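Participant: Residue numbers (the numbering used here): 1025 to 1482.
For glycine and all other residues, C-beta sits at the position ideal for the given N, C-alpha and C.
Small disclaimer: the values here were computed from a predicted structure and weren't measured.
1) Looking at the structure shown, is residue 1113 part of a helix, part of a strand, or coil, going by DSSP?
2) Can you give me the C-alpha to C-alpha distance between residue 1068 and residue 1460, rounded to a whole angstrom?
3) Which residues mark the beginning and the end of the alpha helix (DSSP H) in which residue 1468 is found?
4) With residue 1468 and residue 1414 assumed to form a contact (beta carbons below 8 Å), what rounded beta-carbon distance in angstroms separates them?
5) Would you tell me roughly how many angstroms separate the C-alpha atoms of residue 1041 and residue 1074, rounded to the nearest one?
6) Looking at residue 1296: is its Cβ nearer than 8 Å to the Cβ of residue 1341?
7) Secondary structure at residue 1176, three-state DSSP: helix, strand or coil?
8) Return the first residue and the last residue of the beta strand (DSSP E) that residue 1067 is part of.
9) Measure the alpha-carbon distance for residue 1182 versus residue 1290 and round it to whole angstroms.
10) At what residues does the alpha helix (DSSP H) containing residue 1171 begin and finish?
11) What residue range does the alpha helix (DSSP H) around residue 1084 cover?
12) Who pairs with residue 1050 in a beta bridge, going by DSSP?
13) Go to residue 1380, then tell me how far its beta strand (DSSP E) extends in each direction, as first and last residue.
14) Going by the CB atoms, is the gap between residue 1103 and residue 1205 shorter than 8 Å?
15) I need the DSSP call for residue 1297, collapsed to helix, strand or coil.
16) What is the C-beta distance between residue 1138 and residue 1361, in whole angstroms, given that I count them as a contact (C-beta under 8 Å)?
17) Rounded to a whole number of angstroms, what is the C-alpha to C-alpha distance between residue 1439 and residue 1320?
18) Is residue 1409 near residue 1355, with beta carbons less than 8 Å apart?
19) Could you have a look at residue 1433 and say whether DSSP puts it in helix, strand or coil?
20) Checking 8 Å against the spacing of the C-beta atoms, do residue 1422 and residue 1357 come in under that value?
21) Tell me whether the region 1114–1132 and the region 1183–1195 touch, counting them as touching only if at least three CB pairs, one residue from each stretch, are closer than 8 Å.
22) Quick one: does residue 1414 have its CB under 8 Å from some CB of chain C?
23) For a test of the three-state rule: what should DSSP assign to residue 1202, helix, strand or coil?
24) Along the chain, where does the beta strand (DSSP E) containing residue 1145 start, and where does it finish?
25) Exposed or buried, which one is residue 1051 when buried takes at least 16 other CB atoms within 10 Å?
26) Is residue 1151 buried or exposed, if buried means 16 or more other CB atoms sit within 10 Å of its CB?
27) List the endpoints of the continuous alpha helix (DSSP H) containing residue 1337.
Okay, here's the thing in structure tokens:
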């Protein structure tokens, strides 16, 4: 049975979907004002494993991922500038151009990491009507109030506010006098709709019953997820940084509007840390997937790297650790390619793999099963068949990952290798040795194998 750690209960629970025909999964996507960093991408990788495990267990998955292209301010306290407008100002482009460019870059990152596409991409700017309709519903039920800068959700009218994050509301209220917005009734109140500034025109603004402006960050996820997945979602996943504010606010506004439980299973991934500090764009210490590729690292090596730690544990990033992951992945893929055509089963190891991955997505244990299988006395064809099935969950492209000679070997070195092979075929050993020395002086080592020469950078 599939067991998942539910953030709401702080316990592992047996997963039981609401329907027989499909499972609803909502995952928070990117605010597309800049590139995703590899810390962001770790979250999307864990969510991809979740989706693949659901598929492995025979569920049809309806997966919605949002694209935040308006409304995410520089402070979770609904203060500061819209990140999209800031990005436009930074790059001297329109907000729409910024959104289009970074959405495309994000989708390419997901493709490079072999992350399955969502069933539905939901853009915040394409669902303004749904967000306004949800705010109207909250207004009819008496949950909102208006200030000079926007429309706010009154958290004091929702008794269970902060239940998932287990917030100390009394402690927060004692600090209300230092809240930035003196018009907020409670420090935890949050914006549903922000008014456009009177002294300048925003690039993205819409008319509403309360005034011209734009939606707050939190309302988009409730409006879009419930539109496509119903009032109660099976699963909602994201990073742990979303627990105390974003996901807490999603729960409050959704359940206040519908009177129903918003999400049955909440899953959250922990941080990728660099020098013991969380990676983030606001901190200026972020690394992109593009940087990894420029350093000659395969994006799937980063995928392998993340699978070595449980999604609920912090993961320390280092270049040495990532290089080690790439070496391990190349070795694994080479071993798989050497196996014959897939046929049969290795039931003992397939059972162990299923038990590991169904135990709250235990990818480190699942990888251990992969290596144990390769060392086992199972028939080679059955090993290949089992590994193919494992890779439907791991998503590592096992057996298809090859070093691209043209991409990693300079053309002048390749000419030397070709000349050396011709010399060896003519039994010109002195000439072959001289060419080997030239290759080694250039920083490469040649290993002669039954399948031809293998080149490694020293």
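Facilitator: According to the structure shown:
1) The three-state secondary structure of residue 1113, taken from DSSP, is helix.
2) Taking C-alpha positions only, residue 1068 is separated from residue 1460 by approximately 45 Å.
3) That residue, residue 1468, is in no alpha helix (DSSP H); its beta strand (DSSP E) goes 1468–1473.
4) At roughly 34 Å, the Cβ-Cβ gap does not stay under 8 Å, so residue 1468 and residue 1414 are not in contact.
5) About 14 Å.
6) Against a cut-off of 8 Å, the Cβ pair of residue 1341 and residue 1296 comes out as a contact.
7) Of the three classes helix, strand and coil, the one that applies to residue 1176 here is strand, per DSSP.
8) Counting along the chain, residue 1067 sits inside no beta strand (DSSP E); it lies in the alpha helix (DSSP H) bounded by residues 1062–1080.
9) In a straight line, the C-alpha of residue 1182 is about 20 Å away from that of residue 1290.
10) First-last for residue 1171: undefined, no H or E at that position.
11) The continuous stretches of alpha helix (DSSP H) do not include residue 1084, and DSSP gives it neither H nor E.
12) Answer by DSSP bridge pairing, in chain order: 1088, 1260.
13) Looking at the DSSP string, residue 1380 is not in any beta strand (DSSP E); the run it does join, the alpha helix (DSSP H), is 1371–1382.
14) Going by C-beta atoms, residue 1205 is nearer than 8 Å to residue 1103.
15) Here DSSP, grouped into helix, strand and coil, assigns residue 1297 to strand.
16) Taking the Cβ atoms as the reference, residue 1138 lies roughly 17 Å from residue 1361, outside the contact range of under 8 Å.
17) Going by C-alpha positions, residue 1439 is about 21 Å away from residue 1320.
18) No, Cβ-Cβ distance for residue 1409 and residue 1355 is not below 8 Å.
19) The DSSP-derived three-state label of residue 1433 is coil.
20) Cβ distance < 8 Å, so residue 1422 and residue 1357 count as in contact.
21) The region 1114–1132 vs the region 1183–1195: no contact.
22) Among the protein chains of the structure shown there is no chain C, as only one such chain exists.
23) Unreliable positioning characterises residue 1202 in this predicted model, as indicated by a pLDDT of 48, which lies under 50. A coordinate reading is not provided.
24) In the DSSP assignment, residue 1145 falls within the beta strand (DSSP E) that extends over 1144–1147.
25) Answer is buried; the Cβ neighbour count reaches 16.
26) So residue 1151 ends up on the buried side.
27) It is not in any alpha helix (DSSP H) - residue 1337 carries neither H nor E in the DSSP assignment.
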